[in-house]
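Residue numbers (this note's numbering), protein chains in the order written: chain A, 1 to 113; chain B, 1 to 113; chain C, 1 to 113.
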Amino acid sequence: MEDSDTAADEPVVLAYITAGSREEALRIGRALVEERLAACANILDGMTSVYRWKGVVEQADEAVLIAKTRRSLFDRLAARVRDLHSYDVPCVIELPVERGDPGYLGWLREATA
Amino acid sequence: MEDSDTAADEPVVLAYITAGSREEALRIGRALVEERLAACANILDGMTSVYRWKGVVEQADEAVLIAKTRRSLFDRLAARVRDLHSYDVPCVIELPVERGDPGYLGWLREATA
Amino acid sequence: MEDSDTAADEPVVLAYITAGSREEALRIGRALVEERLAACANILDGMTSVYRWKGVVEQADEAVLIAKTRRSLFDRLAARVRDLHSYDVPCVIELPVERGDPGYLGWLREATA
């Protein structure tokens, strides 16, 4: 199994993003893949978000967008999400990936080359 | 992009929690946000869980609760989930966050101050 | 709170897997639990995947399978997923878990012993 830290190739990460709707998540996810900022975007609709905004606890319907990419692309990916997103301060956080199926990691790196 | 390890502010983490129903996930998520143990709770309903319990493989309908917080709050968050949860041994696990959108991380830390 | 790095017991990880359908995710998840390669499998249906395949950006309906296991089992888990999966190159990636509820981590390690 390829350990992304010791392999010659670069570490891979997940970007965990939330969007205001499934359509927004799909639009942003598709743009990231088309622009090779992510190899793949997984969208989960029907998410309910509870959060504190200006001192009040609010609840909203959202969608989750999980984008898989190379670590060195994360800053550009996050900047592109900010461009495309309807929120001023979108949730874009990076989860480290330790290892993975070698064939899949190879495909992922190629799709974002 | 703000690297949560080198920044003056504290690392951020995701708490991955599973609940017996969407209502339970919402109730716990809202309590965590109201008590500033999490800035935001993302609830995904319709999850199916397969697990081994007392030697038998079981299947149950559950919901996922992802809570975003500061690393130093994780122990208190996990203790509070145990208080509120219907299970004796709830799944509460901490996923590290490497980096994120600076505006979002700033909001997250403020909402849990 | 038990820190999986300093505790005598072994680190725990999440395997993030995508499948072609809910049925496939359930079938693979159940096999992993029955064979003690995972303590628990969480299946989220209704995921939409956008990805680049042979130069074309495609979209497909998939399901997410999150399997919780011990780090030392990840390679065997990934190999077993490849055996059972309908794709040639399935997404099987390892997310590190930093800490968790001690009772839950204990149960997880026992269920995969």
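Where is the CB? At the ideal position from N, CA and C, for every residue including glycine.
Taking DSSP as the reference, what is the three-state secondary structure of residue i?
i, result
"Asp45 (chain A)", "strand"
"Asp75 (chain A)", "helix"
"Pro102 (chain A)", "helix"
"Val81 (chain A)", "helix"
"Glu35 (chain C)", "coil"
"Glu10 (chain B)", "coil"
"Ala113 (chain B)", "coil"
"Asp5 (chain C)", "In this prediction, Asp5 (chain C) has a pLDDT of 47, which is less than 50 and means its spatial position is unreliable; what the coordinates show is noted afterwards. Correct three-state label for Asp5 (chain C): coil."
"Arg27 (chain A)", "helix"
"Tyr87 (chain B)", "coil"
"Leu108 (chain A)", "helix"
Tell me the rounded alpha-carbon separation between residue i and residue j.
i, j, result
"Glu38 (chain C)", "Arg71 (chain A)", "The sequence as given places Ala at residue 38 (chain C); Glu does not occur at that position. Whole-angstrom Cα-Cα distance: 27 Å."
"Ile28 (chain C)", "Arg22 (chain B)", "25 Å"
"Ala78 (chain B)", "Val92 (chain B)", "6 Å"
"Val89 (chain A)", "Tyr104 (chain A)", "32 Å"
"Met47 (chain B)", "Ala60 (chain C)", "19 Å"
"Arg109 (chain A)", "Gly55 (chain A)", "42 Å"
"Arg80 (chain B)", "Ala19 (chain B)", "14 Å"
"Glu24 (chain C)", "Thr112 (chain B)", "40 Å"
"Tyr51 (chain A)", "Glu62 (chain C)", "28 Å"
"Glu136 (chain B)", "Arg82 (chain C)", "Here chain B comprises residues numbered 1 to 113, so residue 136 (chain B) is not present and cannot be evaluated."
"Glu94 (chain A)", "Gly106 (chain B)", "15 Å"
"Arg76 (chain A)", "Gly100 (chain B)", "11 Å"
"Leu84 (chain C)", "Thr69 (chain A)", "25 Å"
"Val115 (chain B)", "Val12 (chain C)", "There is simply no residue 115 (chain B) to check, as chain B begins at 1 and stops at 113 in what is shown."
"Glu58 (chain A)", "Leu73 (chain B)", "21 Å"
"Leu44 (chain A)", "Glu10 (chain C)", "31 Å"
"Pro102 (chain C)", "Ser86 (chain B)", "17 Å"
"Ile17 (chain B)", "Leu26 (chain C)", "20 Å"
"Ser151 (chain A)", "Cys40 (chain B)", "As displayed, chain A neither begins before 1 nor continues past 113, which places residue 151 (chain A) out of reach and without an answer."
"Trp53 (chain A)", "Trp53 (chain B)", "40 Å"
Name the one or two DSSP bridge partners that residue i has.
i, result
"Cys40 (chain C)", "B:Tyr51, C:Lys68"
"Thr18 (chain B)", "B:Val64"
"Glu58 (chain A)", "A:Tyr51"
"Ile93 (chain A)", "A:Tyr16, B:Gly100"
Thinking residue i and residue j are a contact (beta carbons under 8 Å), I'd like their distance in whole angstroms, please.
i, j, result
"Asn42 (chain A)", "Val64 (chain C)", "7 Å"
"Ala67 (chain A)", "Ala15 (chain A)", "4 Å"
Since residue i meets chain F, which of its residues come closer than 9 Å, beta carbon to beta carbon?
i, result
"Pro11 (chain C)", "Any reference to chain F falls outside this structure, whose protein chains are A, B and C."
Report whether the distance from the Cβ of residue i to the nearest heavy atom of the ligand HEM is below 7 Å.
i, result
"Asp83 (chain A)", "Of ligands this structure carries none, so the ligand HEM is not represented either."
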